[in-house]
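In my numbering, the protein residues as written are 804 to 1268.
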């Protein structure tokens, strides 16, 4: 019986992966859940420009004091790359912004001295205009930088390379290696879908392959705005983390749940889902397979939400789905919201690599797609119940029919936000949830169970008993 259970578990996992696809195996994907970190996005979005260096430092120091003890161990830059004149002899960036006093190596070392890691925003398929004008040979070659530039630009100050041209591989891998040498451990690679649109899928795949080969286990590769055509079959092979919805913009409930809710972009160009929760549901059994890739629903701005219930909802949906938490509230904007990032019982899910799944991956199945389940390494069940609606509704979980607990009797149900044991139960747990609220439960069974991999069946797959 034990071996049959393990076989069925493996079969469930394999059935979720599109045929012929093998995922990138790195220490980041093997962990399961995503990183806990802080990103400068909120400042850049609000002011339409890159964050000043002194503000960056204040946020790093605040992060180290307030959040590092809870596992948030990385600070990352974001876009608004308007001032990219600081380059080395090979054309690679040495500063986030040329107005900054200190370079990438300095900040990598500074973060390391505080026990933290450095995340950076850039696309190795870009050539800064300063590098184009300098036009030195690509490192390790006799090929000038301008020889690898393609026929279209991303922006006036950022040129695309053409991966079909000699020297392109050396440029891409040299960019990754230079960043690693400067202490960068996460690279957010943006606007990948634009490159595939302009240069075609074959050249796009080559670029992804080169990045993954050079990054290895030294750098987490985070894809942003990929097209994810054909069930993301190209991205899954090479990525560690993939964006599954649009930018968080100004935050709020609209971004989490209501942004073009229920709409699916099937064009093969741009984000398939608009709201973060829709993206988590729709990609849960493809990108969100534990050990394969990590789903990224973009950043968290708890200070933009209307209630504590919405704040608990946002943190819960990330931790229950195995997603990263990318704080972008700042030291001077977070207000009294920090406590929601610090729930140690919830953060335990991230610590052990937990990745849950919805009972339905249909974004139109409102009831079942808002109920998420999964098991911890010790066999305890995690159940997340989420009310996205504008009215109060009943939610619940059947212990035997939906969790497979024999006899439907459980030893204890614990509420991870109230930090309360609700005691032994039989049959079913039910609760009336107010609008935009959630419950996350940890359920202890009466008998030892092997940890199950929870998955949804796709493409007409069935299991005969």
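The beta carbon of each residue, even a glycine, is placed where N, CA and C say it ideally should be.
From a predicted model like this one, the values you see are computed outputs, not experimental measurements.
Identify which residue in the options has its Cα closest to the Cα of residue i.
i: residue 876; options: 914, 845, 883, 856; result: 914
i: residue 945; options: 971, 1109, 953, 898; result: 971
i: residue 1019; options: 833, 1241, 1233; result: 833
i: residue 846; options: 882, 831, 894; result: 882
i: residue 947; options: 919, 1241, 1114, 973; result: 973
i: residue 1216; options: 1225, 1210, 1209; result: 1225
i: residue 1070; options: 1000, 1058, 1171; result: 1000
i: residue 1229; options: 1184, 959, 1201; result: 1201
i: residue 964; options: 1061, 984, 934, 980; result: 934
i: residue 957; options: 966, 930, 1166; result: 930
i: residue 835; options: 1219, 1212, 1189, 1124; result: 1124
i: residue 1099; options: 1106, 1087, 1105; result: 1087
i: residue 860; options: 850, 848, 880; result: 880
i: residue 1214; options: 1241, 1250, 1199, 949; result: 1250
Mapping the DSSP letters down to three states, classify residue i as helix, strand or coil.
i: residue 958; result: strand
i: residue 1241; result: strand
i: residue 878; result: strand
i: residue 1046; result: strand
i: residue 1189; result: strand
i: residue 946; result: coil
i: residue 854; result: coil
i: residue 883; result: coil
i: residue 1229; result: strand
Using only the alpha-carbon positions, how far apart do residue i and residue j sit?
i: residue 1111; j: residue 1131; result: 17 Å
i: residue 1178; j: residue 986; result: 35 Å
i: residue 1121; j: residue 898; result: 31 Å
i: residue 937; j: residue 874; result: 42 Å
i: residue 1056; j: residue 1108; result: 6 Å
i: residue 830; j: residue 995; result: 23 Å
i: residue 1079; j: residue 1168; result: 16 Å
i: residue 1044; j: residue 900; result: 25 Å
Just reading off the alpha helix (DSSP H) that residue i is part of, what are its end residues?
i: residue 930; result: Counting along the chain, residue 930 falls outside any alpha helix (DSSP H), though it belongs to the beta strand (DSSP E) covering 929-931.
i: residue 850; result: 844-850
i: residue 919; result: Counting along the chain, residue 919 falls outside any alpha helix (DSSP H), and DSSP gives it neither H nor E.
i: residue 1113; result: 1111-1124
i: residue 999; result: 995-1002
i: residue 977; result: 971-984
i: residue 777; result: With the chain covering 804 to 1268 only, the question about residue 777 has no answer from this structure.
Under a Cβ-count criterion, where at least 16 other Cβ atoms within 10 Å of its own Cβ denotes burial, should residue i be classed as buried or exposed?
i: residue 885; result: exposed
i: residue 1223; result: exposed
i: residue 1029; result: buried
i: residue 1175; result: buried
i: residue 1154; result: exposed
i: residue 916; result: exposed
i: residue 872; result: exposed
i: residue 989; result: buried
i: residue 1180; result: exposed
i: residue 852; result: exposed
i: residue 1067; result: exposed
i: residue 850; result: exposed
i: residue 1193; result: exposed
i: residue 1170; result: exposed
If I follow the unbroken beta strand (DSSP E) through residue i, where does it start and stop?
i: residue 1212; result: 1212-1218
i: residue 1175; result: 1174-1178
i: residue 1199; result: 1196-1201
i: residue 1099; result: 1097-1099
i: residue 991; result: 987-992
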